[in-house]
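Residues 1 to 43, numbered by full-length UniProt numbering, are exactly what the sequence shown covers, in order.
Here is the structure we will look at.
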Amino acid sequence: MTNTDNVFETLTQWWMTLETGWQAVLLGFLALLVVSLGVPIPW
């Protein structure tokens, strides 16, 4: 188990514990961040 896998697993578990509303807020924030940086969104 590499360190990256461990971090990813921790993040996944943390994500699962979040309320759906918080997931939406975080996704929206991430989308705004990506747009503000000018990175093309692949979806």
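Ideal Cβ positions, reconstructed from N, Cα and C, are used throughout, including at glycine.
Q: Report the rounded CA-to-CA distance for Thr17 versus Gly28, giving the unit in angstroms.
A: Whole-angstrom Cα-Cα distance: 18 Å.
Q.
Distance check for Trp15 and Leu32, CA to CA, integer angstroms please.
A. Taking the Cα positions, Leu32 is about 19 Å away from Trp15.
Q) The alpha helix (DSSP H) with Thr17 in it runs from where to where? A) Counting along the chain, the alpha helix (DSSP H) containing Thr17 begins and ends at 3-17.
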